[in-house]
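Novice:
In the UniProt record's numbering, the protein residues as written are 1 to 127.
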(Lines of atoms letter the chains of each structure in order from A and count residues from 1; the text may use other names and numbers.)
(Lines give C-alpha, C1' and ligand atoms only; values in the text may rest on other atoms or scores of the structure.)
Protein backbone atom coordinates (compact mmCIF):
# COMPACT_ATOMS: atom_id res chain seq x y z
CA UNK A 1 0.00 0.00 0.00
CA UNK A 2 1.38 3.37 -0.95
CA UNK A 3 -0.57 5.65 1.42
CA UNK A 4 -1.44 5.21 5.06
CA UNK A 5 -4.35 7.07 6.67
CA UNK A 6 -3.30 9.04 9.75
CA UNK A 7 -6.75 10.37 10.65
CA UNK A 8 -7.95 9.66 14.17
CA UNK A 9 -11.41 9.22 15.61
CA UNK A 10 -14.93 9.32 14.35
CA UNK A 11 -16.31 10.83 11.16
CA UNK A 12 -16.71 14.20 12.90
CA UNK A 13 -14.82 15.75 15.79
CA UNK A 14 -16.68 18.20 18.00
CA UNK A 15 -13.99 19.70 20.24
CA UNK A 16 -13.55 22.79 18.06
CA UNK A 17 -15.83 25.72 17.19
CA UNK A 18 -17.09 23.90 14.11
CA UNK A 19 -17.16 20.14 13.60
CA UNK A 20 -14.25 18.53 11.78
CA UNK A 21 -15.28 15.88 9.28
CA UNK A 22 -13.02 13.10 8.02
CA UNK A 23 -13.86 12.80 4.33
CA UNK A 24 -14.08 9.32 2.82
CA UNK A 25 -11.29 8.52 0.39
CA UNK A 26 -10.37 5.94 -2.24
CA UNK A 27 -6.73 5.36 -3.17
CA UNK A 28 -5.96 3.70 -6.47
CA UNK A 29 -2.43 2.77 -7.49
CA UNK A 30 -0.89 1.78 -10.79
CA UNK A 31 2.75 1.49 -11.86
CA UNK A 32 3.19 5.20 -12.49
CA UNK A 33 1.01 7.04 -9.95
CA UNK A 34 -1.40 7.15 -7.04
CA UNK A 35 -4.90 8.48 -7.56
CA UNK A 36 -6.69 9.72 -4.45
CA UNK A 37 -10.39 10.56 -4.58
CA UNK A 38 -11.97 12.35 -1.61
CA UNK A 39 -15.60 13.37 -1.12
CA UNK A 40 -15.86 16.93 0.20
CA UNK A 41 -19.55 17.87 -0.27
CA UNK A 42 -20.25 21.54 0.30
CA UNK A 43 -16.55 22.44 0.50
CA UNK A 44 -15.63 25.94 -0.57
CA UNK A 45 -13.09 25.57 -3.41
CA UNK A 46 -11.28 28.69 -2.18
CA UNK A 47 -10.73 27.06 1.23
CA UNK A 48 -9.09 23.89 -0.10
CA UNK A 49 -5.59 23.41 1.27
CA UNK A 50 -3.52 20.47 0.04
CA UNK A 51 0.04 20.20 1.31
CA UNK A 52 2.78 17.60 1.04
CA UNK A 53 5.53 17.96 3.63
CA UNK A 54 8.13 15.25 3.16
CA UNK A 55 5.82 12.20 3.18
CA UNK A 56 2.80 13.69 4.99
CA UNK A 57 -0.06 14.64 2.68
CA UNK A 58 -2.66 16.86 4.38
CA UNK A 59 -6.03 17.85 2.92
CA UNK A 60 -8.19 20.51 4.59
CA UNK A 61 -11.25 22.48 3.51
CA UNK A 62 -14.14 24.47 4.94
CA UNK A 63 -17.72 23.44 4.28
CA UNK A 64 -20.39 26.11 4.16
CA UNK A 65 -23.87 25.00 3.12
CA UNK A 66 -25.51 27.22 0.54
CA UNK A 67 -28.94 28.56 1.32
CA UNK A 68 -31.08 30.40 -1.22
CA UNK A 69 -31.77 34.06 -0.55
CA UNK A 70 -35.22 34.89 0.74
CA UNK A 71 -35.77 31.48 2.33
CA UNK A 72 -35.85 30.68 6.04
CA UNK A 73 -34.17 27.49 7.18
CA UNK A 74 -36.75 25.13 8.71
CA UNK A 75 -34.68 21.97 9.13
CA UNK A 76 -30.93 21.41 8.72
CA UNK A 77 -29.03 18.20 8.11
CA UNK A 78 -26.13 19.79 6.21
CA UNK A 79 -23.71 21.29 8.70
CA UNK A 80 -21.01 23.78 8.14
CA UNK A 81 -17.64 22.69 9.42
CA UNK A 82 -14.17 21.66 8.37
CA UNK A 83 -12.76 18.70 6.50
CA UNK A 84 -9.38 17.32 7.50
CA UNK A 85 -7.55 14.19 6.43
CA UNK A 86 -3.89 13.19 6.42
CA UNK A 87 -1.97 10.38 4.78
CA UNK A 88 1.61 9.17 4.96
CA UNK A 89 2.83 8.51 1.42
CA UNK A 90 5.15 5.51 1.48
CA UNK A 91 6.72 5.99 -1.96
CA UNK A 92 8.52 9.07 -3.29
CA UNK A 93 6.33 11.17 -5.58
CA UNK A 94 7.21 13.76 -8.22
CA UNK A 95 6.02 16.91 -6.41
CA UNK A 96 6.29 19.09 -9.53
CA UNK A 97 3.78 16.89 -11.38
CA UNK A 98 1.10 16.49 -8.68
CA UNK A 99 -2.32 17.44 -10.02
CA UNK A 100 -5.38 18.38 -7.95
CA UNK A 101 -8.84 18.83 -9.46
CA UNK A 102 -11.95 19.76 -7.45
CA UNK A 103 -15.28 19.30 -9.19
CA UNK A 104 -18.82 18.65 -7.91
CA UNK A 105 -17.62 18.18 -4.34
CA UNK A 106 -14.99 15.59 -5.26
CA UNK A 107 -11.23 16.18 -4.96
CA UNK A 108 -9.06 14.09 -7.29
CA UNK A 109 -5.33 14.07 -6.54
CA UNK A 110 -2.92 12.46 -8.95
CA UNK A 111 0.50 11.85 -7.42
CA UNK A 112 2.99 10.60 -10.03
CA UNK A 113 5.61 8.30 -8.58
CA UNK A 114 9.14 9.64 -8.69
CA UNK A 115 11.46 7.91 -11.11
CA UNK A 116 14.11 6.07 -9.12
CA UNK A 117 17.67 7.17 -9.72
CA UNK A 118 19.46 4.82 -12.12
CA UNK A 119 22.09 2.50 -10.74
CA UNK A 120 25.54 4.01 -10.87
CA UNK A 121 29.05 2.69 -10.53
CA UNK A 122 30.96 4.57 -7.86
CA UNK A 123 34.71 4.67 -8.26
CA UNK A 124 36.81 4.26 -5.16
CA UNK A 125 40.10 6.15 -4.85
CA UNK A 126 42.97 4.71 -2.90
CA UNK A 127 44.09 7.01 -0.13
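All C-beta atoms in this analysis are idealised placements derived from N, C-alpha and C, irrespective of residue type, glycine included.
Might you give, ordered along the chain, the residues of its own chain that have their beta carbon closer than 7 Å to the beta carbon of residue 33, omitting 5 neighbours on each side?
Specialist: Correct list, in chain order: 110, 111, 112, 113.
Novice: What does the Cβ neighbour count give for residue 20, buried or exposed, with the cut at 16 atoms within 10 Å?
Specialist: Residue 20 comes out buried.
Novice: What would DSSP say about residue 90, mapped onto helix, strand or coil?
Specialist: Three-state result, residue 90: coil.
Novice: I'd like to confirm the pairing. Which residues does DSSP put opposite residue 81 in its beta bridges?
Specialist: Its beta-bridge partners are 63.
Novice: List the residues that DSSP assigns as beta-bridge partners of residue 28.
Specialist: According to DSSP, residue 28 bridges with 35.
Novice: DSSP three-state label for residue 125, please.
Specialist: Residue state, collapsed to three classes: coil.
Novice: Roughly how many angstroms separate the alpha carbons of residue 14 and residue 82, rounded to a whole number?
Specialist: For residue 14, the pLDDT reaches just 49, beneath the cut-off of 50, and the residue's location in the model is therefore unreliable, leaving the point undetermined.
Novice: Going by the CB atoms, is the gap between residue 62 and residue 25 shorter than 8 Å?
Specialist: Taking 8 Å as the Cβ cut-off, residue 25 and residue 62 do not qualify as a contacting pair.
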